[in-house]
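Protein chains in written order, with our numbering: chain H, 1 to 702; chain U, 703 to 917.
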């Protein structure tokens, strides 16, 4: 067999009904790069219209890409694609996880795993290089993710990586995760594995990712990125405090390292994060001190170190040792970042009492909640789990819809007393589907329908519901007005796109951001100063397209879109310019084929348009504008005393957003009336077969 | 420590050889762990390991965040491919459960699934090298320039005896070439570490520290 560069060259197909495991060449998916691209192609081609998420006919695709495991910084991302159960149409969705799993899968020799059918007993998939087998999982069925990981690793070897579901996934809770390592979770697809009775996938790989170019060239590229381009978490490129080496600083920056701030619980004594100046490749890993950023100053003394994914120099996951957690029946060790910690705080909506010192309640709630949710494998729908609990409780709806016995058995007093012990009871009910309350795990759309949540739920500015499809804002109108809003409308779950927010949050002054945006879309008018937005224009539509297709590119290559693209740099000597062609430079060295920024963007446009076509197919309508791309009212009605497009508000305007959609559809070459992909555009992108299938289903716009 | 050594403190190679003699036990690192490394800011858990031409490679696991960029860089530099399995520095195999693998009380043992401590392991460049002594083909020899024990590819038959013999199982047979790989003290891993968990203390500095610690 010819040597394959970048791509492993083959993928696994596992039919659980027949117990059959086969391999196929990856080459037929090359136009879709990998990861997300392979996922959409498989689901479009192979899952019939009308299939629901937990049906046997649904499939789930774990896919990585040509840069996964290549050593390119931040490249160990697994993209998981399947029908998404919390979506009202079960329309397709992606979930992603970092950790070691993605890289291991490549080293085992696979670009993807397609799981189909349904087992009639609990099994796990064991991938030990070429030896791939389905194993009995009855001994771990019913167990949490941590014990499952330990038990399966004791069978496979300590060097394996295990992706598993917890009890929530087994019980087909819509809001459940697939996780590898202690904290790397992919939200929303755990129940699919549960429905197929597949408890886990263990992978162990000892082979190479081959590169076509010389090792030296790839080392040079790595060093160039590390030295000249990379910033801190979310590619923030200025420090959060003024520092001698830096021209700018910005309070919101995640470049939080500074003199006097330490990993306070490091073995052998505190380790100072210190000055980690731009260009110092051997201190990049200290730049992001996320523990105190996420959890407040109390977290410093509990921080063992920062951590994160294979190949990534940005360590965004706080690794904490909090001895008092044992009093809650938990391990003192916990790790997570961002929503993993914020979600439990949303569940504790009454606030958090101090535990050991003033102001540490938030950290305790976060750590206790993360530890529980990550073992049961409960997902939060980007924080809405807590919001939905709050609404049900405070509106009095729970008193009506929950049986009295159940209502009285819930320790509401702990919630009222701001005691994090409430979380122990709460997550158990969700994971084991105990009683009526557990329907919170169905997701926002389903509980709002079931319990008749009204407009005061959907249109509450504090709740942040973005779409009537049941998902929240995730960098939306507050992120460059219409641009963030457009991005948030395009997927079937919360938009997990960080391309734009990373630029807006980079810490650089708006003048520099405007120059950078002008270089991308042709005019500085693509971006406005925060809270001072202008009406829609075509450059904003272009910027939204740019942000989304870069996101699709990264989830296909696979690279972390929480770091990539390298839009800006921390170096004044570079005039703060990043390198948007860096992905193509890596691809060219790794694969030996000539890639450009444009050729990769075109492939990503193909992938995103396929996502749209798949959404049309799943929803059985071409009317994306009205059925899919709608927004809740608070976006337009907030700040009632201020008009849209005046300083001080990020409210949007209804008519202007319709203009925005039209302009965006035009940029994408989609039907400007409905927002559905046209045959001409599908054919331009090499998706003629997709157009044919849509035509058969009568789903091409007129 | 002789006056000559102090005089020759800027003569790298002599200093290195003298130092290795002084450490006696044959494993360069262990003799200096507590007495000298503390002078360079390393705690009890720091492990001195590889003797590089420029100095001593020190691994400080309290600074290791498990990113594995050392493994990636090692195999890119030495093999022209990315294959952590054959890396001469081992982080990923101990990532979740430490060096001894999952145990009943894994939540309190080394590793990401336990007490969050990483367990990076490097080649010790032993004075009496188990790997070279065990090799039936005499394929592991000292490099005349660096003193590092290196694998002579043409002689290696991939039998795995070296890996079996090494107390730390550091030599690894590449399943793709059927040849042993082991550390050649190139130092690429140190340059790539984003948290300075790997660092080189120069022979000059170590000799001075050793000299002063004996006074």
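For every residue, glycine included, the Cβ atom is placed at its ideal position computed from N, Cα and C.
Bear in mind that the values here come from a model prediction, so they are computed numbers and not experimental data.
Looking at U:835, U:815, U:853, U:811, the one whose alpha-carbon comes closest to that of residue 869 of chain U is U:835. Residue 587 of chain H and residue 235 of chain H do not touch by the CB rule: their CB atoms are close to 19 Å apart, not below 8 Å.
Under DSSP, residue 239 of chain H forms a beta bridge with H:255. Short of 8 Å from the beta carbon of residue 339 of chain H, and not among the five residues preceding or following it, lie these beta carbons of its own chain, in chain order: 380, 382, 383.
Between the C-alpha atoms of residue 108 of chain H and residue 446 of chain H there is a straight-line separation of about 40 Å. With contacts defined by Cβ atoms closer than 9 Å, residue 375 of chain H and residue 166 of chain H form a contacting pair. One alpha carbon belongs to residue 69 of chain H, the other to residue 784 of chain U, and they sit about 7 Å apart. In the same chain as residue 315 of chain H, and ignoring 5 residues on each side of it, the C-beta atoms closer than 7 Å to its own belong to 285, 288, 306, 307, 308, in chain order. Of all residues in the stretch 779 to 790 of chain U, those with a C-beta nearer than 9 Å to a C-beta of chain H are 779, 780, 781, 782, 783, 784, 785, 786, 787, 788, reading in chain order. Within chain H, no residue has its CB atom less than 7 Å from the CB of residue 871 of chain U, the nearest being about 11 Å off. For residue 208 of chain H, at least one C-beta of chain U is nearer than 9 Å to its own C-beta.
Contacts with chain H at 9 Å (Cβ-Cβ) do not include residue 829 of chain U. Scanning H:118, H:696, H:335, H:281 for the CA closest to the CA of residue 370 of chain H turns up H:335. Closer than 7 Å at the C-beta level to chain U, one finds no residue of the stretch 579 to 610 of chain H. DSSP links residue 465 of chain H through a beta bridge to H:472. DSSP, read as helix, strand or coil, puts residue 38 of chain H in helix. Taken in chain order, the members of the stretch 812 to 826 of chain U whose beta-carbon sits within less than 9 Å of a beta-carbon on chain H are 813, 814, 815, 816, 817, 818, 819, 820. Just so you know, the alpha carbons of residue 13 of chain H and residue 198 of chain H end up roughly 14 Å apart. With 16 or more neighbouring CB atoms inside 10 Å of its own CB, residue 831 of chain U falls in the buried class.
Residue burial is scored here from C-beta neighbours: residue 71 of chain H has at least 16 other C-beta atoms within 10 angstroms and is therefore classed as buried. Closest in C-alpha terms to residue 617 of chain H, from the list H:361, H:177, H:48, H:175, comes H:48.
Annotation: residue 771 of chain U is outside any beta strand (DSSP E); the continuous alpha helix (DSSP H) that includes it extends over 771 to 781. Proximity to residue 372 of chain H across H:67, H:332, H:548 peaks at H:332, based on C-alpha coordinates. Across the structure, residue 81 of chain H and residue 114 of chain H are spaced so that their CA atoms are roughly 10 Å apart. When rounded, the separation of the alpha-carbon atoms in residue 398 of chain H and residue 176 of chain H is 22 Å. For residue 374 of chain H, there is no enclosing beta strand (DSSP E); the residue is found in the alpha helix (DSSP H) stretching over 361 to 376. For residue 149 of chain H, the nearest beta carbon of chain U is closer than 9 Å to its own beta carbon.
When U:762, U:798, U:844 are compared, the shortest CA-CA separation from residue 310 of chain H is found for U:798. Close to chain U, meaning a Cβ-Cβ distance shorter than 7 Å, are the following residues of the stretch 95 to 115 of chain H: 100, 107. In the DSSP assignment, residue 198 of chain H falls within the unbroken beta strand (DSSP E) covering 198 to 204.
With its beta carbon less than 9 Å from one in chain H, residue 893 of chain U belongs to the interface. Your pair residue 341 of chain H and residue 280 of chain H does not check out as a contact, with CB atoms roughly 28 Å apart and the cut at 8 Å. In the three-state reduction of the DSSP assignment, residue 180 of chain H falls in the strand class, which pools E and B. Using a Cβ distance threshold of 9 Å, residue 303 of chain H and residue 361 of chain H do not count as a contacting pair. For the set H:118, H:9, H:142, the Cα lying nearest the Cα of residue 34 of chain H is the one of H:9. For residue 903 of chain U, the nearest beta carbon of chain H is not closer than 9 Å to its own beta carbon.
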